[in-house]
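Colleague: No gaps in the numbering here: position 81 of the sequence shown is 81 in our numbering, and each next residue is one more.
C-beta: ideal position from N, C-alpha, C; glycine also.
Questions regarding the structure given below will be posed in turn.
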Amino acid sequence: MRVSLSAFWSVCAFAAAVAVTPATGQSFEFGPPDTSVRPPAAKPKPPAAQPNAAAKPVDQGSIAAPAAVGTQHLEPAPQKPKAAGTEAATSPPPVAAAYKYSSTNQLPPKPAPANCKTVGTFEGWMAAFRKEVTAEGLSPAAISEVLDGLTFDPSVISRDRKQGVFQLSFLDFSDKLATKNRMQTGRAKIAQNKAVFDRVQKQFGTPAPVIAAFWALESDFGTGMGKLPILRSIASLAYDCRRGPMFREELKAVIRIVERGDMSPAEMVGSWAGEIGQTQFLPTRFLEHAIDYDGDGKVNLFRSDADIIGTTANYMNHLGWRPNEPWLEEVVVPGTLPWDQADLAVKHPRSQWGKWGVIRPDGSALQADGLTASLLLPMGRFGPAFLAYQNFDMYVKWNQSLTYTLTAAFLATRIDGAGPMQRGRPGIQMLSPDEAKELQRQLAKRGFDVGEIDGKIGSATRTAVKAMQIKYGQPADSFPTPELLAALRGG
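Right, here's the structure in full:
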């Protein structure tokens, strides 16, 4: 699915503590559910694995023909007993039964404003929800096991409202998350799990550094998954006015997980936003994409590295990862460029970017080929610059924050061997939070839908910024500057 930059909006459930302590667990949401109810589907199976096959490395500079990766879901083959201490890579892994309760292909529904008011009591809402899931045919025993005794947690709602980390600049955000320690730990994890990573690359086409970077950002490789009861967090968010429709579907998915026997409520401990495991899967994603990759008969995204790696690769394959193609490449831009072309919604062949003077950080020329990419300038024309290839589309389906996705993709390139980031011109002027809110109000007065006036510069605000830069004859790099705010103040 191709989505333009103007369609993205940040819905990431990211603890404010992350802005201070990179080791603290993050909580990022995936796409939204739809509300249609479907009957249980047959257990899916990933494409057949070929054990011990050498994985083909991803070339960040050139591109080979994509490998054929199937997406069919079949009944898994019976498992042979494992010898103690051996890697379970001798037969296709069984897969958690996928209950096609909700789609994992859509973007989340737009949340209500942070100042929305929740009406009615939690107890009254819970009684109505219990009737709803009973009418939909969910198991009475599982309903009771999940819902009995649940209470509202106001601290979860408070955290959902804040998320101040998204007011950080891209450089500040990436400095806190794409750290040298995470790069080194990611490489160590790849070495420790080489057989599993080789297997998923052969099976799904997903490179180890891409998986490792998400693993690092989502939970610091399991050290920051959170310690809250997932059920209580999801129920509180489902009751709340801001994102209730989305989390009602997640709460239904939790009941399905318990009904299916994958986990008990006591095992569901994690982040305040209700994600499961070390790469932070919402329950709907767990239902459709979690796989038992170590062959022990159970999916464990909390403690099994093989299950974590296999499930993450399976989900990336579902989101459209293109094997043997790059995802992101840092570049250097010239002083003159058609700046309005620097947009995730705009793609040009790499040869065209080269003609416009875009080069690699070491001064070498880009390949003059037809591989298409978008030019991203997260801090404007004076800051870091990246070519985002078609695989970057997978990132923005994983998470709709451009700051987060660029950080995750850049960290993956670092784990893969790329050098440190070119930081651009020193002292790039940033709007203060109050100035960012004023900018949004000025844009809203001119008819732009920038969403909530919250000072967070998301994709809708950047799209409006670009339009006004064009109107005022300023370089249209979509980056909000004091110069643009001054022009807006002047009419």
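Using the beta-carbon count (16 or more within 10 Å), is Glu492 buried or exposed?
Modeller: The question about residue 492 has no answer, for the chain in this structure spans 1 to 491.
Colleague: If you measure between the beta carbons of Met183 and Leu411, is that distance less than 8 Å?
Modeller: Result yes, Cβ atoms of Met183 and Leu411 sit closer than 8 Å.
Colleague: Pull up the DSSP beta-bridge partners for Ser374, would you.
Modeller: Ala388, per the DSSP bridge assignment.
Colleague: If we count the other Cβ atoms within 10 Å of its Cβ and call it buried at 16 or more, is Val210 buried or exposed?
Modeller: Val210 comes out buried.
Colleague: Answer yes or no: do Ser169 and Met379 have a C-beta to C-beta separation smaller than 8 Å?
Modeller: Yes, the pair counts as a contact, with Cβ atoms nearer than the cut-off.
Colleague: So which of Ala128, Asp240, Gly186, Ile276 has the shortest CA-CA distance to Val254?
Modeller: Minimum Cα distance to Val254 is reached at Ile276.
Colleague: Select from Gly270, Gly383, Pro265, Phe221 the residue whose C-alpha is nearest the C-alpha of Ile309.
Modeller: Closest option to Ile309, Cα to Cα, is Phe221.
Colleague: Quick one: any contact between the region 326-340 and the region 384-402, if contact means 3 or more CB pairs under 8 Å?
Modeller: Cβ pair count under 8 Å is three or more, so yes.
Colleague: Measuring only the C-alpha atoms, how far is Ala266 from Thr372?
Modeller: Cα to Cα, the separation comes out at about 47 Å.
Colleague: Just checking my contact of Ala436 with Phe448 at CB under 8 Å: how many whole Å lie between their CB atoms?
Modeller: Rounded, the Cβ-Cβ distance is 14 Å, inconsistent with contact.
Colleague: Within 10 Å of its beta-carbon, does Asp393 have 16 or more other beta-carbons around it, so buried, or fewer, so exposed?
Modeller: Flag for Asp393 reads buried.
Colleague: Check Ala178 in the structure and name its three-state DSSP category.
Modeller: Looking at Ala178 - three-state DSSP - the assignment turns out to be coil, as it is neither helix nor strand.
Colleague: Would Val269 and Lys227 qualify as a contact pair, given that the criterion is a beta-carbon distance under 8 Å?
Modeller: Cβ atoms of Val269 and Lys227: closer than 8 Å.
Colleague: Put Ala273 into one of helix, strand or coil per three-state DSSP.
Modeller: Ala273: coil per DSSP, three-state reduction.
Colleague: Which one of Gly149, Pro384, Ala290 has the shortest CA to CA distance from Val331?
Modeller: Ranking Gly149, Pro384, Ala290 by Cα distance to Val331 puts Pro384 first.
Colleague: On the DSSP bridge list, what partners appear for Pro229?
Modeller: Val269.
Colleague: When you compare only the Cα positions, how much space is there between Thr121 and Arg232?
Modeller: Their backbone Cα atoms lie some 15 Å apart in a straight line.
Colleague: Consult DSSP for Ile470 and reduce its assignment to one of helix, strand or coil.
Modeller: Helix at Ile470.
Colleague: What runs of the beta strand (DSSP E), each 3 residues or longer, lie entirely inside the region 428-482?
Modeller: Runs found: none.
Colleague: Which residues in the same chain have their Cβ closer than 6 Å to the Cβ of Asp340, if we skip the five residues on either side of it in sequence?
Modeller: Closer than 6 Å at the Cβ level, and outside the excluded window around Asp340, lie Ala476.
Colleague: Quick one: what's Glu330 bridged to in DSSP?
Modeller: BP columns for Glu330 point to Phe386.
Colleague: Can at least three beta-carbon pairs, one atom from the region 244-260 and one from the region 129-142, be found at a separation below 8 Å?
Modeller: These segments touch.
Colleague: Exposed or buried, what is Ile291 when buried is set at 16 or more other beta-carbons lying within 10 Å of its beta-carbon?
Modeller: Buried.
Colleague: Could you give the distance in angstroms between the alpha-carbon of Ile428 and the alpha-carbon of Phe173?
Modeller: Each residue's Cα considered, the two are about 15 Å apart.
Colleague: Is Pro323 buried or exposed, if buried means 16 or more other CB atoms sit within 10 Å of its CB?
Modeller: It is buried - the Cβ of Pro323 has at least 16 other Cβ atoms within 10 Å.
Colleague: Just curious, the alpha helix (DSSP H) that Ile359 is in, first and last residue?
Modeller: Unbroken run through Ile359: none, as it is neither H nor E.
Colleague: Which partner residues of Pro349 appear in the DSSP bridge assignment?
Modeller: DSSP output for Pro349 lists Thr372 as bridge partner(s).
Colleague: Report the rounded CA-to-CA distance for Ala342 versus Gly451, giving the unit in angstroms.
Modeller: Straight-line Cα distance between these residues: approximately 22 Å.
Colleague: Apart from the five residues just before and just after Thr407, which ones in its own chain have a Cβ nearer than 8 Å to its Cβ?
Modeller: Result list for Thr407: Phe170, Phe173, Ser174, Leu177, Ala178, Leu217, in chain order.
Colleague: I'd like to check one pair, Asp305 with Val196: are the Cβ atoms closer than 8 Å?
Modeller: Contact: yes.
Colleague: Answer with buried or exposed for Ser27, where buried requires no fewer than 16 other C-beta atoms within 10 angstroms of its C-beta.
Modeller: Residue placement at Ser27 is flagged as unreliable, the pLDDT there being 34, under the threshold of 50; the coordinate-derived value follows with that caveat. Flag for Ser27 reads buried.
Colleague: Just to confirm, are Thr206 and Trp353 a CB contact at a threshold of 8 Å?
Modeller: Taking 8 Å as the Cβ cut-off, Thr206 and Trp353 do not qualify as a contacting pair.
Colleague: Helix, strand or coil, according to DSSP, for Ala290 in the structure here?
Modeller: Here Ala290 sits in coil by DSSP.
Colleague: Does DSSP classify Phe197 as helix, strand or coil?
Modeller: In this structure, Phe197 counts as helix in the three-state DSSP scheme.
Colleague: Sort out for me which residues DSSP pairs Ala365 with in a bridge.
Modeller: Answer by DSSP bridge pairing, in chain order: Ile359.
Colleague: Leaving out five residues before and five after Asp152 in sequence, what residues of the same chain have Cβ atoms less than 6 Å from its Cβ?
Modeller: With the sequence shown as reference, residue 152 is identified as Phe, and Asp is not the correct amino acid for it. So the qualifying residues of the chain are Phe122, Ser236.
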